[in-house]
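Asker: Numbering (my numbering), first residue to last: 3 to 309. Just so it is clear, CB atoms sit at the ideal spot from N, CA and C, and this is done for glycine as well. The structure presented is a predicted model; accordingly, all values stated were derived computationally and were not measured. If you scroll down you'll find the structure; I have some questions about it.
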Ligand code: TXA
Ligand code: MG
């Protein structure tokens with residue numbers, strides 16, 4: 003849908019679909035989201051059905067500004083400080099207000115809400131035009147690779163109205179932080195590197211352990227998976243494998259020939275999607291673990307996990 007005079011995407015008509023309880027795929031700075039009015043349970047149910055997503059896995063709520071966020075969750079002084087990263091690729095898990103009006107399906111029965119302000123003009127315009135908080139997981143079938151382009155969304159979710167915003171800027175999902183009892187725990191490494199958050203807070207933050215007590219319910223061992231098998235930290239391709247390179251390790255595709263982690267994050271899902279169409283065995287070059295490398299290695303580990 004585009005406005006015939008300006009050729010701008012017609013945000014108002016997508017907002018209309020959302021207000022009527024429909025679902026819409028839309029761009030964010032991280033990956034494309036599959037959105038619904040977070041206050042409408044029938045609409046939210048459509049997300050779970052379309053993705054084939056387990057119902058115990060709560061959804062991130064997207065808002066346009068802090069005023070909208072304050073109507074849904076309670077902010078501690080620590081949360082206020084972390085909200086300084088908004089708009090941006092940071093999701094904060096905060097206590098849900100009793101009068102939030104959010105559907106219980108969004109939080110999967112938890113008394114907390116994962117919430118963020120996305121840094122994308124079309125996403126913000128869509129939320130504003132809808133006038134509702136939007137629940138949105140990544141716009142992919144559950145367990146599969148997250149989409150970083152409109153073409154990938156179209157291929158996976160053909161019948162869903164799609165607001166095209168071009169390729170995603172950062173290419174991996176938001177960093178998720180739980181804030182409880184004065185402490186901060188990173189539940190998911192993501193597009194905002196942990197060292198930047200630690201720098202802003204002036205202290206280190208905890209990292210949720212695999213199988214530990216504080217986790218994001220959606221952090222399944224096997225996730226973000228291509229159809230092909232994946233072997234990590236490969237310096238050469240074995241017979242039958244296609245190599246995804248990084249830096250000086252050149253493969254059939256290279257995440258970043260100049261070994262730039264931002265470029266690698268942006269290319270990660272798109273290149274895995276691409277190799278998945280022509281290979282059954284993918285080998286991936288080693289990626290440094292610092293900065294954005296934490297999120298990239300996390301996604302690769304889950305993509306490579308036994309299914
Ligand atoms: O960048 C992103 O975060 C993208 C874009 C679309 O915003 N969204 C995204 O959503 O990655 P999704 O549904 O694929 O991942 C959401 C994660 C899940 O692991 C879920 O368990 C966790 O957030 N989550 C949501 N609400 C939570 C809560 N109240 N407590 C703990 N974890 C929560
Ligand atoms: Mg996802």
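Beta carbon of residue 139: closer than 6 Å to some heavy atom of the ligand MG?
Answerer: Within the chain shown, residue 139 is the residue found at index 137, counting from 1. Yes, since a heavy atom of the ligand MG falls inside the 6 Å radius drawn around the Cβ of residue 139.
Asker: Answer yes or no: the CB of residue 51 versus the heavy atoms of the ligand TXA, is any distance below 6 Å?
Answerer: As a first step, residue 51 is located in the chain shown; it is residue number 49 there, counting from the start. No, Cβ of residue 51 sits at least 6 Å from all heavy atoms of the ligand TXA.
Asker: Could you give the first and the last residue of the continuous beta strand (DSSP E) run that contains residue 259?
Answerer: Within the chain shown, residue 259 is the residue found at index 257, counting from 1. Looking at the DSSP string, residue 259 is not in any beta strand (DSSP E), and its letter there is neither H nor E.
Asker: Using only the alpha-carbon positions, how far apart do residue 119 and residue 286 sit?
Answerer: Position 117 of the chain shown, counting from 1, holds the residue named residue 119. Position 284 of the chain shown, counting from 1, holds the residue named residue 286. Whole-angstrom Cα-Cα distance: 33 Å.
Asker: Below 8 Å, can you find three or more Cβ-Cβ pairs linking the region 129-149 to the region 83-100?
Answerer: In short, these stretches do not touch, since the Cβ pair count stays below three.
Asker: Classify residue 146 as helix, strand or coil using the three-state DSSP reduction.
Answerer: Indexing the chain shown from 1 puts residue 146 at position 144. Three-state result, residue 146: strand.
Asker: Mind checking which residues open and close the beta strand (DSSP E) that includes residue 201?
Answerer: Position 199 of the chain shown holds residue 201. Note, residue 201: premise wrong, no beta strand (DSSP E); alpha helix (DSSP H) at 196-203.
Asker: If you measure between the beta carbons of residue 99 and residue 113, is that distance less than 7 Å?
Answerer: Translated into positions along the chain shown, residue 99 becomes position 97. Translated into positions along the chain shown, residue 113 becomes position 111. The answer is no: Cβ separation not under 7 Å.
Asker: For residue 46, verify whether its CB is less than 6 Å away from any heavy atom of the ligand TXA.
Answerer: Locating residue 46 in the chain shown gives position 44, where the first residue counts as 1. Flag unset: Cβ of residue 46 not near the ligand TXA.
Asker: Output yes or no for whether 7 Å exceeds the beta carbon distance between residue 310 and residue 165.
Answerer: A query on residue 310 cannot be resolved here, the shown segment of the chain reaching from 3 to 309 and no further.
Asker: Span of the alpha helix (DSSP H) holding residue 43?
Answerer: Along the chain shown, read from residue 1 onward, the residue named residue 43 stands at position 41. Note, residue 43: alpha helix (DSSP H), 43-53.
Asker: CB-CB under 8 Å to residue 296, same chain, minus the five flanking residues each way: which ones, in chain order?
Answerer: The residue given as residue 296 occupies position 294 in the chain shown. The residues are 191, 195 and 196.
Asker: Flag this pair as touching only if the region 26-35 and the region 65-83 have three or more C-beta atom pairs under 8 Å; answer yes or no.
Answerer: Contact fails: fewer than three Cβ-Cβ distances are below 8 Å.
Asker: With a floor of 3 residues, list each beta strand (DSSP E) that falls wholly inside the region 253-303, ordered by position along the chain.
Answerer: Qualifying beta strand (DSSP E) stretches, in chain order: 283-286.
Asker: Are the Cβ atoms of residue 135 and residue 65 separated by less than 7 Å?
Answerer: Counting from 1 along the chain shown, the entry for residue 135 is found at position 133. Counting from 1 along the chain shown, the entry for residue 65 is found at position 63. Contact: yes.
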